[in-house]
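**Student:** When the letters of the sequence shown are read in order and numbered with UniProt numbering, they come out as residues 1 to 275.
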Amino acid sequence: MNWKILFKTAFILIAFSNFLYGQNYRISYQIGYKTDSLSMEMMKKDMILLVKPEKSKFYSREQFDNDSVVIESKKTGAKVRLKSDYNFMVIKDKKNKKLSKFTFLLRDLYQLPVTAPDFDWKITSETKSIAGYTCQKASLSYSGRNWEAWFTSDIALQEGPSIFDGLPGLIIYMKDTKNNYEFSFTGIKKDETSDMDFLSAKPLEITKKQLDKLLLDHYNDPYREMKSGNLKVLWQDENGKPFKPDYKELTKQEQKYIKTNNNPIELRDALKYPR
1 MNWKILFKTA FILIAFSNFL YGQNYRISYQ IGYKTDSLSM EMMKKDMILL
51 VKPEKSKFYS REQFDNDSVV IESKKTGAKV RLKSDYNFMV IKDKKNKKLS
101 KFTFLLRDLY QLPVTAPDFD WKITSETKSI AGYTCQKASL SYSGRNWEAW
151 FTSDIALQEG PSIFDGLPGL IIYMKDTKNN YEFSFTGIKK DETSDMDFLS
201 AKPLEITKKQ LDKLLLDHYN DPYREMKSGN LKVLWQDENG KPFKPDYKEL
251 TKQEQKYIKT NNNPIELRDA LKYPR
């Protein structure tokens, strides 16, 4: 074996990896997900992963586009009002090994900072081509789900969708074994302009215990803010005629919806609602 050639090759690979990590990237994914684990229907959503050397942000394409409009409007002084979509948003602070998950409830955005997981990946020798890249298979058991992931060392970024990372290459495809979640890579490009730190709503920092209580209180009385007058809502029928809502019936419907849409990526985070 020619050790000089081997050492030179390893040095080039390390240098190339460091070169990649010194740049900013925008990676596109599509997520397929079931809000109800018993449902046959899989919802689809386009997602963006912004990657900087010490930080990353995973969020919906819709919110990425909305933020771009808001940032531009601030430059011109124009006022815009856009619908927010913070579902599945995760911001990672890789330097401090922290990440933040976000929940939007009624009119407030809540930020839950946690220690970033240290994933125990099992890398296999199995390979196949996905999206034009040679990929290698890895498996993971984490937070109540078993996952199958395919990563490529052709893109030397140890990144992936949502909370997932830590493989020796970018995750190109990933799904759980019960087919509740699926992440598919759709593209990558350099991005030196996107503002990763911008949030169109100022988040309220919260603990897991506080978040669980907040969600449980909302489940028990989902229309409390409206009934008290703290949140103004004009109820109209299909003809535009105002009417007084039956909050008791609406509460039953909303509670049923909440309980059947309780299927988070981290399954152990699923809240146990009253029967």
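In this text, a Cβ means the ideal position worked out from N, Cα and C, and glycines have one as well.
All values reported here derive from a predicted model rather than from experimental measurement.
At 3 residues or longer, and completely inside the region 166-205: list those beta strand (DSSP E) runs for me, N to C.
**Tutor:** Runs found: 170-176, 181-190.
**Student:** Give the range of the alpha helix (DSSP H) segment to which N220 is assigned.
**Tutor:** Residues 208-220.
**Student:** Do Y110 and L214 come within 9 Å of each other at the CB atom, strictly closer than that value?
**Tutor:** Yes, Cβ-Cβ distance for L214 and Y110 is below 9 Å.
**Student:** Measuring straight from C-alpha to C-alpha, what distance separates T127 and F151?
**Tutor:** Straight-line Cα distance between these residues: approximately 9 Å.
**Student:** Mind checking whether P274 and L250 have CB atoms under 9 Å apart?
**Tutor:** Their beta carbons are not under 9 Å apart, which means P274 does not touch L250 by this criterion.
**Student:** Using 8 Å as the cut-off, can you tell me whether the region 160-172 makes contact with the region 132-150, which would need three or more C-beta pairs spanning the two stretches below that distance?
**Tutor:** As far as the Cβ criterion goes, the region 160-172 touches the region 132-150, which means the pair count is three or higher.
**Student:** Does I265 come out as helix, strand or coil in the three-state DSSP assignment?
**Tutor:** Correct three-state label for I265: coil.
**Student:** Please tell me whether Y33 and V51 are closer than 9 Å, where the distance is taken between their beta carbons.
**Tutor:** Taking 9 Å as the Cβ cut-off, Y33 and V51 do not qualify as a contacting pair.
**Student:** Residue 295 and T103 look like a contact to me (Cβ under 8 Å); what is the Cβ gap, rounded to whole Å?
**Tutor:** Only positions 1 to 275 of the chain appear in this structure, which leaves residue 295 out of reach.
**Student:** Whose C-alpha, out of I265, A270, Q23, is nearest the C-alpha of E182?
**Tutor:** Ranking the options by Cα distance to E182, first place goes to I265.
**Student:** If you follow the alpha helix (DSSP H) that K259 is in, where does it begin and where does it stop?
**Tutor:** Taken as a continuous stretch (DSSP letters only), the alpha helix (DSSP H) holding K259 covers 247-260.
**Student:** State the Cα-Cα distance for the pair S68 and A201, rounded to the nearest angstrom.
**Tutor:** Approximately 13 Å, taken between the alpha carbons.
**Student:** Grab the span of the alpha helix (DSSP H) containing I56 for me, first residue to last.
**Tutor:** The amino acid occupying residue 56 in the given sequence is Ser; Ile does not appear at that position. That residue, S56, is in no alpha helix (DSSP H); its beta strand (DSSP E) goes 55-60.
**Student:** Let me make sure I understand the geometry here. Which of K55, M47, E54 has the alpha-carbon closest to that of N66?
**Tutor:** That would be M47, whose Cα lies nearest to the Cα of N66.
**Student:** Which residues in the same chain as G187 place their Cβ atom closer than 8 Å to its Cβ, once the five residues preceding and following it in sequence are excluded?
**Tutor:** Here the set comprises I27, S28.
**Student:** Along the chain, where does the beta strand (DSSP E) that runs through K92 open and close?
**Tutor:** 90-93 is the extent of the beta strand (DSSP E) around K92.
**Student:** Can you tell me which of the three DSSP states D108 falls into?
**Tutor:** Residue state, collapsed to three classes: strand.
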